[in-house]
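For reference, the structure is listed below as structure tokens.
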Amino acid sequence: MEEIQVSQEEMRAYLLAYQGLTSLKPLADEVVIVDFIKKVGCIQYDPLNMVGRNPDLMLQSRFTNYDPVILEHLLYGKQKLIDGWDKMMSIYSVEDWPFFQRLRASKVREMEGILAYRQSLEAIQYVDEVKAFIESHGPASPLKLDLGNAKNGRWGHGKLSSAAMDYMWNAGTLSVKEKKNTQKIYDLTEKLLPKEILDQIDPFENDHDFYKWYFKRRIGGIGAYWDRNGGGWLGHFVSDKPLRTKILHELFEEGELSKVKVAGIKETFYMKTEDVTFYNHMKSDFNKTVHFLAPLDNLLWDRKLIKDLFHFEYSWEVYRPVSMRKYGYYVLPVLYGNQLVARFEPDMHRGTEPLRIKNWWWEEGYEVTDAVVESVREALQAFCSYLKADGLSQDSSLKIIQ
């Protein structure tokens, strides 16, 4: 039952080192990417693609020469990773599949309520038909099967095949075989996952044991986290504050978690006890490295934590009306060393055209030096390589130094 006292600077250094956001960026390959995702549990998925989707943006910020093909191969070639439901829609290690039986059961109950609300509950009647179709015809998208249209009295799937397959994916009967842009191609999970994974029984004797595993895992998604409602606690079970407080206290009493008090912040943080050794021996080499962070980066899950600890206010404004946006539609935070110093809005990038930056904002009061501008330029060159873009557009370079 350890309690640690740290400064805000020490906590920032720990979180950045834990997340791999230092100057020590390893070369991207399948092994290091799988290891990173196992460490943080999951990375959040979102289908929006301006300069890559959220998982790709996360990985390019942590690994040198990252190519989205690597992640695609791990998901749909080698099946080392899987699309699933964890911290919202996520990607996690296929080895975790047996551990999520309770979450899938909870998603089934939720989906039944959603389908009823959308007047599409009849889609569940077609589960056996969908399964038989895929068994006979192989992997398929909802477009390949015509089950008729949903009543769709409220927002939802227009086709019953889409509603049925989505339900089966949430239940775990189907898994994603591949994606064509945002279109999911499904196959039966029993055909995609290794037999040794499918044959594993539920590792938890009861709900309580699952909660202990799951809550501890979520803390590991960030590195250290407080027991305060926020973005890091979104999702099934973990958003239940009375349950969460009870489980976190129990994990602390059992020595599974350590408490961390951060100077100037009233909330108590929790850290996995096995990560205390990492904290004590971490190499927090930030140098003058620039990282462009994904909007749903694990580090940014809790916007208030980032405001309190990094003194940086950030919100993802894609779902806000234009008139209510302070910055822009799709804005990426800029990390320099151990500070969040700027943000920028890239234009949608496709093909090999030059990358265009629509707007760049330095943080108010931040002293922009020649060194940080040069580091930003170097980072943008690497970012363009990740995008396979033909450099920056001419007007983009000027925006950085204005």
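In our numbering, the protein residues as written are 758 to 1159. Beta carbons: idealized from backbone N, C-alpha and C, even for Gly. Owing to the predicted nature of the structure, the values given are computational and were not obtained by experimental measurement.
- CA-to-CA, the gap between R1001 and F967 works out to about 12 Å.
- Excluding sequence positions up to five before and after L900, its CB lies less than 7 Å from no other CB in the same chain.
- By the Cβ neighbour-count rule, Y1143 is buried, with 16 or more other Cβ atoms within 10 Å of its own.
- Distance check between L949 and each of P960, N906, E935 places E935 closest, using alpha-carbon atoms only.
- Taking all protein chains shown into account, M1105 has fewer than 16 neighbouring C-beta atoms within 10 Å of its C-beta and is therefore exposed.
- For the pair of segments examined, the region 809 to 827 was found not to touch the region 987 to 997: the number of CB pairs separated by less than 8 Å stays below three.
- F1049 sits close to S818, with the two beta carbons spaced by under 7 Å.
- If you draw a 10 Å sphere on the C-beta of A880, you find 16 or more other C-beta atoms in it, and that means buried.
- Beyond the five residues adjoining it in sequence on each side, V851 comes within less than 7 Å, by CB distance, of Q836, K837, L838, I839, L950, I954 in the same chain, given in chain order.
- Straight-line spacing of the CA atoms in E886 and Q765 works out to 56 Å.
- In this model, T1030 and S780 are separated by some 26 Å (Cα to Cα).
- Under the DSSP definition of a beta bridge, P1090 partners with R1100.
- No Cβ-Cβ contact shorter than 7 Å links M868 with N822.
- Secondary structure note for G978: its alpha helix (DSSP H) is the uninterrupted segment 964 to 979.
- When C-beta atoms of the region 1085 to 1096 are compared with those of the region 768 to 778, three or more pairs fall below 8 Å, so the two segments count as touching.
- According to DSSP, residue pairing for V1019 in a beta bridge involves V763.
- Annotation for G989: no beta strand (DSSP E) segment contains it, and DSSP assigns it neither H nor E.
- Non-local C-beta neighbours of E947 in its own chain, meaning closer than 7 Å and more than five positions away in sequence, comprise L955, ordered along the chain.
- Checking the DSSP bridge columns, you'll see Q940 partnered with K937.
- In the DSSP assignment, K795 falls within the unbroken alpha helix (DSSP H) covering 787 to 797.
- Looking at the backbone, the Cα of Y1087 and that of M807 are separated by about 7 Å.
- Residue environment analysis places G978 among the buried positions, since at least 16 neighbouring C-beta atoms fall within 10 angstroms of its C-beta.
- Taking M1039 as the centre and dropping the five residues before and after it, the same chain places the C-beta of A774 closer than 6 Å to its C-beta, in chain order.
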